[in-house]
Each structure stands twice: as C-alpha cells, then as structure tokens.
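Trainee: The sequence shown begins at 1 in full-length UniProt numbering and counts up one residue at a time.
Even glycine gets a Cβ: it sits at the ideal position worked out from N, Cα and C.
All values reported here derive from a predicted model rather than from experimental measurement.
Below are the structure tokens for one structure; questions will follow.
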Amino acid sequence: CQNGGTCTNHNGGYACVCVNGWSGDDCSKNIDDCFTASCANGSTCIDRVASFSCICPEGKAGLLCHLDDACVSNPCQKGALCDTNPVNGHYICTCPQGHKGADCTEDVDECAMGNNPCEHAGKCVNTEGSFHCECLKGYTGPRCEMDINECHSNPCQNDATCLDKIGGFTCLCIRRNTGKIASSTEVKHKIAMG
Ligand SMILES: [Ca+2]
Ligand SMILES: [Ca+2]
Numbered sequence: 001c002q003n004g005g006t007c008t009n010h011n012g013g014y015a016c017v018c019v020n021g022w023s024g025d026d027c028s029k030n031i032d033d034c035f036t037a038s039c040a041n042g043s044t045c046i047d048r049v050a051s052f053s054c055i056c057p058e059g060k061a062g063l064l065c066h067l068d069d070a071c072v073s074n075p076c077q078k079g080a081l082c083d084t085n086p087v088n089g090h091y092i093c094t095c096p097q098g099h100k101g102a103d104c105t106e107d108v109d110e111c112a113m114g115n116n117p118c119e120h121a122g123k124c125v126n127t128e129g130s131f132h133c134e135c136l137k138g139y140t141g142p143r144c145e146m147d148i149n150e151c152h153s154n155p156c157q158n159d160a161t162c163l164d165k166i167g168g169f170t171c172l173c174i175r176r177n178t179g180k181i182a183s184s185t186e187v188k189h190k191i192a193m194g
C-alpha cells in the first residue's frame, strides 16, 4: 500500500485502506480534487493531495477566486505595496518608510517618536514623508553624526600641528626658543603681552 495506506490481510490477498486524498487498489492514485472543486469561473485549478488551489485571473482574489481584488483600484498611496486579504478580498497596504495609515497617506512624525534621531543635539525637523536634522555648529551629516574636521583646510601656519575641536580648531605651535609646545590661545596671549 502506497502513500501511508494501511494494509490488511485477506484470504489469498490484501486490501489497502488509503489516507485522505489517495485512492486505488494500492493507494497510488491522487484523487483529482479539481473535479469537485469550486474555483470561480476564469480561474485555474491545481490538484493537490486531498486539496486544491485556485489560480485567480487578474482582478480576482480569495481562495476560490470569487472575490474582487481590492488592490485593482490602487488604494495604497506613496508607492506602498498592496496585498489582498484572501479571506475577504480587502486590501492591506505595506507603507514605505515615512508614511503610515490604512492607505499610507499619513506622514510619520519622526521627531515625535521618542529618541531624537539627530545626534549631538541636532534639531529634528519633520517633513512630509521624511525629516531632516539641523545640526549644531561643528557637526554635519544627515543625522549630525559627523564632527566637521576644521583642520581639513590646514589653517595653522609655520608647520604648527592642528588640533580639531568641536566647531573650531587649535594650532599647537612649537616655540623656537624653548622647544615647548604652545597652543594658539597662549600664543595670542603672548603677542598681546608683547
Ligand atoms: Ca515625516
Ligand atoms: Ca571638529
């Protein structure tokens, strides 16, 4: 007996008791479930073991393709994905980032979600479908995540070493007479003192 059928001994032979979905003397015949299936007109029936599937034509949905596909009217906005509920034919929108709501028409206020998405105390500004950050002096990047390198333009003169700070820089000058390192503020101070 094939496909999980139960074999029973008989006088001079055997009999198979088949599990659901199979038939024949040795249970090798897959019952054509499409024969009695109720796939709606225009759909294609696929026979399985003790079951069947209906492949729906464009515009139809549901297990039996008997429902109108609500996604046909493009109810999901802003480039959202539309799926059809197989039980009731209603649409389900999967919204892209930045939008929410049943039809994805509502803006997500990223600035009101708790944690500030902008780093280093940058100011979060909500926009339709997105947001942006206004960074404090010295920071840049979409999330103010980068410390601007103010030494990048080589602002220090006479081979002094530039020390990047937040929103500024300091020049470390080697004083020729002592060999000691002085910072730019110290140098300015000395100049002011004469
Ligand atoms: Ca937004
Ligand atoms: Ca800096």
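Measure how close the beta-carbons of Pro-75 and Cys-93 come, nearest whole angstrom, since I'm counting them as under 8 Å.
Mentor: Here residue 75 refers to the residue found at position 75 when the sequence shown is read from its first residue. Here residue 93 refers to the residue found at position 93 when the sequence shown is read from its first residue. That belief holds up - the Cβ atoms of Pro-75 and Cys-93 are roughly 7 Å apart, short of 8 Å.
Trainee: DSSP three-state label for Asp-33, please.
Mentor: Position 33 of the sequence shown, counted from the first residue, corresponds to residue 33. Asp-33 falls in the helix class under three-state DSSP.
Trainee: State whether the stretch 138-153 contacts the stretch 100-112, with contact taken as three or more CB pairs (one from each stretch) at a distance under 8 Å.
Mentor: no
Trainee: By the 10 Å Cβ neighbour count, where 16 or more other Cβ atoms means buried, how is Phe-131 classified, buried or exposed?
Mentor: Locating residue 131 in the sequence shown gives position 131, where the first residue counts as 1. Its Cβ being crowded by 16 or more others within 10 Å, Phe-131 is buried.
Trainee: Considering only residues of the same chain and omitting the five flanking positions on each side of His-189, which have a CB-CB separation below 6 Å?
Mentor: For the purposes of this step, residue 189 is taken as the residue at position 189 of the sequence shown. For His-189, the pLDDT reaches just 42, beneath the cut-off of 50, and the residue's location in the model is therefore unreliable, although a value from the coordinates is still provided. Here the set comprises nothing.
Trainee: Report yes if the C-beta distance between Gly-62 and Gly-89 is below 8 Å; otherwise report no.
Mentor: Reading the sequence shown from its first residue, position 62 is the one you call residue 62. Reading the sequence shown from its first residue, position 89 is the one you call residue 89. Closer than 8 Å, so yes.
Trainee: Examine the Cβ distances between the stretch 63-74 and the stretch 36-52 and report whether three or more of them are shorter than 8 Å.
Mentor: yes
Trainee: Given a cut-off of 8 Å, decide if Lys-78 and Cys-104 are closer than it, judged by their beta-carbon atoms.
Mentor: Stepping through the sequence shown from its first residue, residue 104 is reached at position 104. Stepping through the sequence shown from its first residue, residue 78 is reached at position 78. For Cys-104 and Lys-78, yes; Cβs fall inside 8 Å.
Trainee: When DSSP builds the beta bridges, which residues end up paired with Asn-126?
Mentor: Here residue 126 corresponds to residue number 126 of the sequence shown, with the count starting at 1. Beta-bridge pairing links Asn-126 to Phe-131.
Trainee: Check this for me: beta carbons of Ile-174 and Asp-147, under 8 Å apart or not?
Mentor: Numbered from 1 along the sequence shown, position 174 holds the residue referred to as residue 174. Numbered from 1 along the sequence shown, position 147 holds the residue referred to as residue 147. No, these two residues do not count as a Cβ contact at 8 Å.
Trainee: Going by the C-beta, is Asn-126 closer than 7 Å to any heavy atom of ligand 1?
Mentor: Working through the sequence shown from its first residue, we reach residue 126 at position 126. Ligand 1 approaches Asn-126 closely enough that one of its heavy atoms is under 7 Å from the residue's Cβ.
Trainee: Where DSSP assigns a beta bridge to Val-19, which residues make up the other side?
Mentor: If you number the sequence shown from 1, residue 19 lands on position 19. Answer by DSSP bridge pairing: none, since Val-19 is not bridged.
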